[in-house]
Every structure is written in C-alpha cells, then in structure tokens.
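First up is the structure itself, then whatever we jot down about it.
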Amino acid sequence: MNEVSAPARVADPGEGISAEELRLAGRNHALPLEALRYDVTPAGLHYLLIHYDIPDLDPAGHRLVLDGRVERPLTLDLADLRDRPRVTHRVTMECAGNGRALLDPRPVSQPWLVEAVGTAEWTGTPLAPLLREAGLAADAVDVVFTGADHGVERGIEQDYRRALPLAAAVEDGPLLAYEMNGAPLLPQHGAPLRLVVPGWYGMASVKWLTRITVLNREFDGYQNAVAYRLRQRPDEAGVPVTRIEPRALVRPPGFPDFMSRGRVLRPGPCTVDGRAWSGHAPVVRVEVTTDGGATWSPAELEPAPAGPWAWRRWRYAWTARPGRYVLSARAVDASGRTQPVEQAWNRGGFANNLVQRVNVAVLPEPEPGD
Ligand SMILES: Nc1nc2c(c(=O)[nH]1)N[C@H]1C(S)=C(S)[C@@H](COP(=O)(O)O)O[C@H]1N2
Ligand SMILES: [Mo]
Numbered sequence: 001m002n003e004v005s006a007p008a009r010v011a012d013p014g015e016g017i018s019a020e021e022l023r024l025a026g027r028n029h030a031l032p033l034e035a036l037r038y039d040v041t042p043a044g045l046h047y048l049l050i051h052y053d054i055p056d057l058d059p060a061g062h063r064l065v066l067d068g069r070v071e072r073p074l075t076l077d078l079a080d081l082r083d084r085p086r087v088t089h090r091v092t093m094e095c096a097g098n099g100r101a102l103l104d105p106r107p108v109s110q111p112w113l114v115e116a117v118g119t120a121e122w123t124g125t126p127l128a129p130l131l132r133e134a135g136l137a138a139d140a141v142d143v144v145f146t147g148a149d150h151g152v153e154r155g156i157e158q159d160y161r162r163a164l165p166l167a168a169a170v171e172d173g174p175l176l177a178y179e180m181n182g183a184p185l186l187p188q189h190g191a192p193l194r195l196v197v198p199g200w201y202g203m204a205s206v207k208w209l210t211r212i213t214v215l216n217r218e219f220d221g222y223q224n225a226v227a228y229r230l231r232q233r234p235d236e237a238g239v240p241v242t243r244i245e246p247r248a249l250v251r252p253p254g255f256p257d258f259m260s261r262g263r264v265l266r267p268g269p270c271t272v273d274g275r276a277w278s279g280h281a282p283v284v285r286v287e288v289t290t291d292g293g294a295t296w297s298p299a300e301l302e303p304a305p306a307g308p309w310a311w312r313r314w315r316y317a318w319t320a321r322p323g324r325y326v327l328s329a330r331a332v333d334a335s336g337r338t339q340p341v342e343q344a345w346n347r348g349g350f351a352n353n354l355v356q357r358v359n360v361a362v363l364p365e366p367e368p369g370d
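Using the numbering used here, the letters of the sequence shown correspond one by one to residues 1 to 370.
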C-alpha cells in the first residue's frame, strides 16, 4: 500500500507541461470554446476524460449486475434496460479537474485550462426505481458503480469504480444512459451503458457500467478514498469532491490569434455571451467585467433555463473601443456560491472555479494595402 500514500505530484516553480501531461491532454480533449454557442454540445465536441483505455465491449453480450445489500440481486441486458421507463435529461457535465493547469503551483495530472465541460441530452432509465425494485437493505450506505475499464493509478491496479452516498443515488437525477443526443452512446462516452449523475463533477458518472453494488459501509476504493478529495497536504484525509461549483464561461468574441488564442475585435457594439452553471443550485446572476475585474456589471440571463441540470445562456451588451481588455464573467447561484477572483488551491487541483480571463484586442479594420 506504499504507492497509495505516494501523493500526486505538484510541479516545481516554473516547471512546464511535460510530454506525459501533453499525451493525456491529446487523449482527453476539451470543449472548443466557440462550441458554447450550442445549447446542446454536439457529441464530438463534448469534453472527454478517460483514465485508462476505452474498453472493447459488445453491446449484445453486455450485462449489468445489481448486487450487494439488496433483497433481489438483478442481472439486466440492454433490452431489459430499454424496456424500463425512459427519460431524457439535459445535463451539463464538468470534470472536477477543470482549471487545474492554471493553478500555481500546478498539480501534475490531466492539464485542463477552463474547457472541460459539455452539455448533452442523456437518455436512459432512472436509477432510483431500479434500486427500489431490487429492495434496498435497511443498512445500505453507499452505492458502488464499476466500469469495464481497467488500469493502474499511482501503483494501484483497479477497475474504474466510484461510489455515491445512498441519498444521492436515490435522487431524481441519476440515470443509466444508453443514448447521448438521441444516438447510441459513442465508445469514448461509455458505450453501451453509463451512469449520469446530474449536478456532480464528472468522475461520478461511471462509463462502461457493468456492476452496481450496494454496501452497508462507506466505500474505501481508490477513486473515493484516495483520488477526488480536497487536500492541502498529502497526509490529510481531505474532503470528498462532490457537486459542481458555479462557473460562467465567455464564448470568445471576435476571431483568435492562432498561437495565443487572444481575441481580435473590431470597434463598435458587440454582444458578449456565454454559459453559466452550478451543481448546487440554479444560477441566479452572472456578472461581467471588461476591465480585468475592477468593475462588474450584470449580464442578462436567458429567460427559461433548460431544466434544472443544464447550463444557462447569458448575454452582455458591450461597446468595444480600441484598446486591450481582459474579459471575465462570474456566476452566482441560489445557494449564494460564486467564483473566486483569486485562486483557491488544493493538491489535486479539483473544483477550481477561478474566473476565466479572456484577452481581447479591439483593433480598427486594417487599411487596404496594409
Ligand atoms: N469507467 C469510467 N468512467 C468514467 C471515467 C473513467 O475513466 N472510467 N472518467 C470519469 C471522469 S473523471 C469524467 S470527468 C467523466 C467524463 O465523461 P465524458 O468523457 O463522457 O465527458 O467520466 C467519468 N466516468
Ligand atoms: Mo473528471
């Protein structure tokens, strides 16, 4: 168990992104920020996070086992699941490590900037009725979800496995999804079956789902007890990472500079827009700054949010005058949570919802012949 206690590494001062981190970033791509234009993210533009390999699963032979502290263990194939009540939820999913690579010092892992997010329409059958049908034992505490993918993480060989506290598992939101955006799940998003836990950071939404096991104790597996905890020091137990902290993103205006991704805009009236979400409570306010945070003004929120678990569009009318600007937006939710303008650091780089900074240069049209 020595390797377990070996803490994840934090980069040395000035240490750049390594080839290992770059390889992870290539496998696990982000949302191109211009895709914030879509209410529902096209499947190929939704971010990805895959700890090990995408497993090779045959939908025809796929089985889901439900066992542990239940009266009637069940084994279901995909046809059985499709015969059950069918629901579609529009859900904004965000990786708990979003924002990690912007922290100083930088936790070494999948190096997300701010784009590890997407919104999809997930279709499947609700989890809670299935658990009830199997007959939950009175002493049930945690529900463990096992994926078919297998790997090694900091020396510990494991199937990807995550538990939800029983109270969260029997809420209305969680579903066993077999479709994304009206089509069968893609291999990279968990085909043929995944869990989707609305409002929770992505690690809870176990892909390639093969087994659901009800425990009469707290699950002590790697992804709950070692990874996905907020810690300042490697030797503390830390606090579990759970629901998504509020965040607003700006859809980058104008057009980009290839290398820096800085934005170029023409002078004149301009609508700055983007999306905002929170897994704790509905977003009730978005504020925008065009002066790097010196002053904040309210943005207009789209009137009807698309359900309780999807991001909300916001808009802000701006008159762009020649010059250089830093644009940011911050979300406030009904629980009063908001986004910090100074980083709140933890060793894993989790739940970092520091406000995004978008560099904008407002430049006049080039003269002909320039
Ligand atoms: N089986 C399994 N499920 C998984 C993962 C994984 O590596 N294996 N990654 C998790 C993490 S950390 C995230 S953020 C989401 C990402 O889901 P997506 O790739 O469909 O966007 O899946 C979660 N479910
Ligand atoms: Mo994640």
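Don't be surprised by glycine CBs; every beta carbon is placed ideally from N, CA and C.
Using the beta carbon as the reference atom, which residues fall closer than 6 angstroms to any heavy atom of ligand 2, ordered along the chain?
Any residue whose Cβ sits closer than 6 angstroms to a heavy atom of ligand 2 makes the list: Leu49, Cys95, Ala96, Gly97, Gly202, Met203.
Ends of the beta strand (DSSP E) at Leu327?
Note, Leu327: beta strand (DSSP E), 323-333.
Am I right that Arg371 and Pro246 are in contact with their C-beta atoms under 8 angstroms? What's the rounded C-beta distance?
Residue 371 is absent from the structure shown; the chain starts at 1 and stops at 370.
Figure out for me which residue from Trp122, Thr41, Leu176, Ala140 has the closest Cα to the Cα of Arg275.
Of the candidates Trp122, Thr41, Leu176, Ala140, the one whose C-alpha sits nearest the C-alpha of Arg275 is Thr41.
Compute the Euclidean distance between the alpha carbons of Arg233 and Arg347, then round it to the nearest angstrom.
Put simply, the backbone Cα of Arg233 is about 7 angstroms away from that of Arg347.
State yes or no: is the C-beta of Gln343 within less than 7 angstroms of the C-beta of Leu103?
It is a contact, given that the beta carbons lie within the stated cut-off.
Looking at the secondary structure, which residues open and close the alpha helix (DSSP H) in which Arg233 lies?
From DSSP, Arg233 is part of no alpha helix (DSSP H); its letter is neither H nor E.
Apart from the five residues just before and just after Gly202, which ones in its own chain have a Cβ nearer than 7 angstroms to its Cβ?
So the list reads Leu49, Met93, Glu94, Cys95, Ala96, once near-sequence residues are dropped.
Cβ contact (3+ pairs, closer than 8 angstroms) linking the region 166-180 and the region 30-38:
Short answer: they don't touch.
Rounded separation between Arg263 and Thr271 - CA only:
If you draw a straight line from the Cα of Arg263 to the Cα of Thr271, it is about 14 angstroms long.
Is any non-hydrogen atom of ligand 1 found closer than 6 angstroms to the C-beta of Val283, if you look at the structure I gave you?
Because no heavy atom of ligand 1 lies under 6 angstroms away, the Cβ of Val283 does not count as near it: no.
Does Ala8 come within less than 7 angstroms of chain C when only Cβ atoms are used?
Checking the listed chains, one finds no chain C in this structure; it contains a single protein chain.
DSSP three-state label for Gln223, please.
Gln223: helix per DSSP, three-state reduction.
Continuous beta strand (DSSP E) stretch holding Pro129: start and end:
In this chain, Pro129 is not harboured by any beta strand (DSSP E); it is covered by the alpha helix (DSSP H) spanning 127-134.
Report the CB separation of Pro105 from Glu21 in whole angstroms; it is logged as a contact under 8 angstroms.
Not confirmed; about 14 angstroms, so no contact.
Taking just the CA atoms, how far does Val284 sit from Trp122?
Taking the straight line joining both Cα atoms gives about 25 angstroms.
DSSP-derived helix/strand/coil call for Ala79
Ala79 falls in the helix class under three-state DSSP.
Could you tell me the alpha carbon to alpha carbon distance between Met1 and Ala227, rounded to whole angstroms?
With a pLDDT of 40 at Met1, under the threshold of 50, the modelled position of that residue is not reliable, and no figure is offered here.
Could you give the DSSP three-state label for Glu3: helix, strand or coil?
Low local confidence applies: a pLDDT of 47 at Glu3 is under 50, so the model's placement there is unreliable, with the coordinate-based value given in what follows. DSSP places Glu3 in helix when its eight states are reduced to three.
With a threshold of 6 angstroms (Cβ to nearest heavy atom), would His280 be considered close to ligand 1?
For His280, the CB stays at least 6 angstroms from every heavy atom of ligand 1.
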